[in-house]
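Visitor: Before anything else, here's the structure in question.
As structure tokens, then:
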């Protein structure tokens, strides 16, 4: 139960107790067109290789090319890049634990005024890209910002030497900004773990005279250790992958080094070598997370108690709990949104442009295609593994999900190299056949961005569908096969109705992640083409965030809806974690209804 992975924050949406949908859905029509299992197995393996191609290319490029700038970087600034990256990851990891764990325990195990509001409101900062929070707080806290100007007026200070003030444009400032938008990962995953814990364990500790605080420290916290480690690992990987925030604050990390080496020195080989260091860091984090997970094997009898023990807070404790939750929500979400809204109103005439909606449509189109392809490919991969769960299919699933933890700047390199190679081959072939060269059809178009997003975010669909499939009893497939239902019919009449809800939520999350993704779009965007994040970044990096406030608000609004759905799904899954259970389903009756189209 507490055996959580970094992507388990997504897996919590896979409560699939839904009624059968009509047979004329897109997924149902697609199921009929799936080839036989023999071909699906081969196709799934090839798909996995394609999804792993950027990572393979990156490693090959790093170890096979010389890289003119890398030797100089290694001898001069590489150590600083690595130290800053490690410090940033460690600082953000520590801060999100300090914020996220108390919030998770308060919401999951305590009863106080305002709990229902904070239950969903504390998730909202996840809809804010870190660079937007960084831009807004820089405007507020910088030397020329309203806060320092007011302090100088009040106290009569005339220069920066007269007082000390927190330097927002620093490594510590970047860590704080990232922590404000990433703590919901810890909050969601640890809260879900607290909600699923067996209440009898805490009750036994209370009977033995343990205070609520000691129950938290000695019972709840150890049981949630896997969720804590997994969420912290995810946050640290996100911190390492961040580009816009650290670049805006002029903090030299491996991500900015990759960007500068590639676009500043035009040395792709050296950028690939730097990227390989980041990939190694990701693998180390994943290994440590798996190692920690293996040390703690826990189980929970859900039938003993579905609800965790709830503590009724006193008035003083309620004041503290509400104050703590309010401060976090105010700083992480309300202030940045208020600043953006103020900019949007005050500079509406200057910022209003049809281009904003054009760029929004560009982002939405890329995100929609990415989500659709991810859902389709993930369905094929999970279907093949479901029919015959051997090592080859297990490898295919893992290989296809390998890009999830890879930073966007690194992913851009891994995507550009093979697509450029294919473009060159296609141009040579066209010339050889007597046609004019088509140009950069793959690497110079939105196909490159879509492919990068697909490789990076298909893990969301894979993990979600994999979790849903695990909840479907194998007896359903057996009964279906005895009634002559195989291949696409099995997928259409049995699997899709049961995983449809989870698949749609996964597609929605992929859509939002693609809408917000900046580094890959920034590095791979074609000429005369912009997405909403690159549009906002362009103005903000020029200290003109006011002119892009409308675009920034659109990004935030797009991210809010799926977060609320995700939060609601976690709550519902904690109440009924066995939506699909072979002990509660009459398999033959279900299959008969499916086959008969009922």
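Numbering (full-length UniProt numbering), first residue to last: 1 to 598.
From the three backbone atoms N, C-alpha and C, an ideal C-beta is built for every residue, glycine too.
Which first and last residues belong to the alpha helix (DSSP H) in which residue 427 is found?
Guide: The count along the chain shown starts at 1 and reaches residue 427 at position 427. Unbroken alpha helix (DSSP H) run through residue 427: 408-432.
Visitor: Just curious, the alpha helix (DSSP H) that residue 71 is in, first and last residue?
Guide: Against the chain shown, residue 71 aligns to sequence position 71. 70-76 is the span of the alpha helix (DSSP H), which, as asked, contains residue 71.
Visitor: So does the segment 449-469 actually touch the segment 402-420, counting three or more Cβ pairs closer than 8 Å?
Guide: Yes, they touch.
Visitor: Taking the DSSP output, what are the residues bridged to residue 110?
Guide: For the purposes of this step, residue 110 is taken as the residue at position 110 of the chain shown. In the DSSP output, where bridge partners are listed per residue, residue 110 has 311.
Visitor: Exposed or buried, which one is residue 147 when buried takes at least 16 other CB atoms within 10 Å?
Guide: The residue labelled residue 147 in the question sits at position 147 within the chain shown. Classification for residue 147: exposed.
Visitor: Once you ignore the five residues that flank residue 157 on each side, which residues in its own chain have a CB closer than 6 Å to its CB?
Guide: Sequence index remark: in the chain shown, residue 157 carries index 157 (1-based). Answer for residue 157: 163, listed in chain order.
Visitor: Are the CB atoms of residue 413 and residue 268 nearer to each other than 8 Å?
Guide: Position 413 of the chain shown, counted from the first residue, corresponds to residue 413. Position 268 of the chain shown, counted from the first residue, corresponds to residue 268. Taking 8 Å as the Cβ cut-off, residue 413 and residue 268 qualify as a contacting pair.
Visitor: What are the boundary residues of the alpha helix (DSSP H) that includes residue 613?
Guide: Any question about residue 613 goes unanswered here, given that the chain covers just 1 to 598.
Visitor: Identify, in the order they occur along the chain, each residue of the same chain with its Cβ nearer than 6 Å to the Cβ of residue 52, setting aside the five sequence neighbours on each side.
Guide: Here residue 52 refers to the residue found at position 52 of the chain shown. Contacts found: 399 and 402.
Visitor: With distances taken from CA atoms, which of 71, 170, 124 and 155 is nearest residue 142?
Guide: Counting from one through the chain shown, the residue named residue 142 turns up at place 142. It is 170.
Visitor: Taking the alpha helix (DSSP H) that residue 358 falls in, what are its first and last residues?
Guide: For the purposes of this step, residue 358 is taken as the residue at position 358 of the chain shown. That run of the alpha helix (DSSP H) goes 354-387.
Visitor: Report the start-end ranges of each alpha helix (DSSP H) in the segment 195-254 that is 4 residues or longer and not cut off at the edges.
Guide: Listed in chain order, the complete alpha helix (DSSP H) runs (minimum 4 residues) inside the segment 195-254 are 199-207, 212-215, 225-241 and 244-248.
Visitor: Expressed to the nearest angstrom, what Euclidean distance is found between the alpha-carbon atoms of residue 600 and residue 226?
Guide: Missing from the structure shown is residue 600; the chain here goes from 1 to 598 and no further.
Visitor: Going straight from the alpha carbon of residue 305 to that of residue 202, what length do you get?
Guide: Within the chain shown, residue 305 is the residue found at index 305, counting from 1. Within the chain shown, residue 202 is the residue found at index 202, counting from 1. For residue 305, the pLDDT reaches just 45, beneath the cut-off of 50, and the residue's location in the model is therefore unreliable, although a value from the coordinates is still provided. So the alpha carbons of these two residues sit roughly 11 Å apart.
Visitor: Please state whether DSSP places residue 123 in a helix, a strand or coil.
Guide: Mapped onto the chain shown, residue 123 falls at position 123. Coil at residue 123, not helix or strand.
Visitor: Helix or strand or just coil, what does DSSP make of residue 543?
Guide: Locating residue 543 in the chain shown gives position 543, counting from the first residue. Residue 543 falls in the coil class under three-state DSSP.
Visitor: Would you mind sorting residue 345 into buried or exposed? The rule is 16 or more other CB atoms within 10 Å of its CB.
Guide: The residue you call residue 345 lines up with position 345 of the chain shown. The residue in question, residue 345, is exposed, as its Cβ has fewer than 16 Cβ neighbours within 10 Å.
Visitor: Report the option in 411, 123, 310 and 469 whose CA atom is closest to the CA atom of residue 502.
Guide: Counted from its first residue, the chain shown places residue 502 at position 502. Out of 411, 123, 310 and 469, 469 has the C-alpha closest to the C-alpha of residue 502.
Visitor: Return the CA-CA distance between residue 442 and residue 358, expressed in angstroms with no decimal places.
Guide: Against the chain shown, residue 442 aligns to sequence position 442. Against the chain shown, residue 358 aligns to sequence position 358. Cα-Cα distance, rounded: 22 Å.
Visitor: Excluding five sequence neighbours on each side, which residues of the same chain lie with their C-beta closer than 7 Å to the C-beta of residue 128?
Guide: Sequence index remark: in the chain shown, residue 128 carries index 128 (1-based). If we look at residue 128 and ignore the five residues flanking it on each side, its Cβ neighbours are 181, 333, 336 and 556.
Visitor: Looking at C-beta atoms only, is the number of pairs between the segment 384-394 and the segment 241-261 that lie closer than 8 Å three or more?
Guide: No, they do not touch.
Visitor: Taking DSSP as the reference, what is the three-state secondary structure of residue 440?
Guide: Residue numbering aside, residue 440 sits at position 440 when the chain shown is read from its first letter. The answer is coil: DSSP assigns residue 440 none of H, G, I, E or B.
Visitor: Using 8 Å as the threshold, is the C-beta distance between residue 124 and residue 498 below it?
Guide: For the purposes of this step, residue 124 is taken as the residue at position 124 of the chain shown. For the purposes of this step, residue 498 is taken as the residue at position 498 of the chain shown. Not a contact, by the Cβ cut-off of 8 Å.
Visitor: If we ignore side chains and look at the alpha-carbon of each, how far apart do residue 276 and residue 59 end up?
Guide: As a first step, residue 276 is located in the chain shown; it is residue number 276 there, counting from the start. As a first step, residue 59 is located in the chain shown; it is residue number 59 there, counting from the start. One C-alpha to the other measures close to 6 Å.
Visitor: With three or more beta-carbon pairs closer than 8 Å as the criterion, would you say the segment 408-424 touches the segment 515-522?
Guide: Counting Cβ pairs under 8 Å, three or more are found: they touch.
Visitor: Mind reading off the beta-carbon distance from residue 81 to residue 253? Whole number of angstroms is fine, and I expect it under 8 Å.
Guide: What you label residue 81 is simply residue 81 of the chain shown in a count that begins at 1. What you label residue 253 is simply residue 253 of the chain shown in a count that begins at 1. Right, their Cβ atoms sit about 6 Å apart.
Visitor: Can you confirm whether the segment 535-542 touches the segment 104-115 when touching is taken to mean that 3 or more C-beta pairs between the two stretches lie within less than 8 Å?
Guide: Verdict: no, contact absent.
Visitor: Considering only the alpha carbon of each residue, which of 222, 85, 251 and 370 lies closest to residue 460?
Guide: Along the chain shown, read from residue 1 onward, the residue named residue 460 stands at position 460. Ranking 222, 85, 251 and 370 by Cα distance to residue 460 puts 370 first.
Visitor: Can you check whether the CB of residue 512 is closer than 8 Å to the CB of residue 559?
Guide: Within the chain shown, residue 559 is the residue found at index 559, counting from 1. Within the chain shown, residue 512 is the residue found at index 512, counting from 1. For residue 559 and residue 512, yes; Cβs fall inside 8 Å.
Visitor: Taking just the CA atoms, how far does residue 166 sit from residue 352?
Guide: By 1-based counting over the chain shown, the position of residue 352 is 352. By 1-based counting over the chain shown, the position of residue 166 is 166. Going by the C-alpha atoms only, they are around 34 Å apart.
Visitor: With distances taken Cα to Cα, identify the nearest neighbour of residue 138 among 373, 246 and 280.
Guide: Taking the chain shown and counting its residues from 1, one reaches residue 138 at position 138. Per the Cα distances, 246.
Visitor: When you compare the segment 279-289 with the segment 218-238, are there three or more beta-carbon pairs, one atom per stretch, that lie closer than 8 Å?
Guide: Enough Cβ pairs lie closer than 8 Å, so yes.
Visitor: Given residue 285, which residues of its chain have a CB within under 8 Å of its CB, disregarding the five upstream and five downstream residues?
Guide: Stepping through the chain shown from its first residue, residue 285 is reached at position 285. Excluding positions up to five away in sequence, the list reads 233, 236, 237 and 405.
Visitor: Given that a residue counts as buried once 16 or more other Cβ atoms are within 10 Å of its Cβ, and exposed if not, what is residue 39?
Guide: If you number the chain shown from 1, residue 39 lands on position 39. Exposed.
Visitor: I need the straight-line Cα distance from residue 363 to residue 199, nearest angstrom please.
Guide: Residue numbering aside, residue 363 sits at position 363 when the chain shown is read from its first letter. Residue numbering aside, residue 199 sits at position 199 when the chain shown is read from its first letter. If I take the Cα positions, the gap works out to 45 Å.
Visitor: By how many angstroms is the C-alpha of residue 119 removed from the C-alpha of residue 372?
Guide: Here residue 372 refers to the residue found at position 372 of the chain shown. Here residue 119 refers to the residue found at position 119 of the chain shown. Roughly 31 Å separates the two Cα atoms.
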